[in-house]
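Numbering (this note's numbering), first residue to last: 17 to 113.
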């Protein structure tokens with residue numbers, strides 16, 4: 017990016033990936049703190065079923081804290097903490113089995 021400010025609405029529709037390249041979802045809306053004039057979260061839809069399939073009801077979305085965002089460009093990169101959801105679920109299945 018060349019440093020010129022962009023409108024927040026340009027974030028809507030962008031795909032979100034973990035910094036390891038795993039597709040997370042697509043931005044449907046933005047959560048703002050109007051008092052501080054900052055973005056506090058991204059509302060994601062079209063979620064990756066492998067990450068959220070058993071945790072999120074079909075057709076629902078998630079609110080991703082903006083502090084997890086690492087970079088914004090043609091796509092949005094977030095910390096790999098989102099991938100830990102899948103790994104923790106796999107560990108739970110192993111313990112239960």
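All residues carry an ideal CB built from backbone N, CA and C; glycine is no exception.
- Closer than 6 Å by C-beta to residue 81: which residues in its own chain qualify, once you throw out the five before and the five after it? Chain order, please. On the chain shown, residue 81 is found 65 positions in, with the first residue counted as 1. Hits under 6 Å: 57.
- Query: Does the region 29-41 touch the region 56-72, meaning 3 or more C-beta pairs lie closer than 8 Å?
  - Reply: yes
- Task: Run the CB neighbour count on residue 36, radius 10 Å, all protein chains shown included, and call it buried at 16 or more, exposed below.
- Result: Your numbering for residue 36 matches position 20 in the chain shown. That one is exposed.
- Can you check DSSP and say which residues form a bridge with residue 58? As a position in the chain shown, residue 58 is number 42, starting the count at 1. Answer by DSSP bridge pairing, in chain order: 46 and 80.
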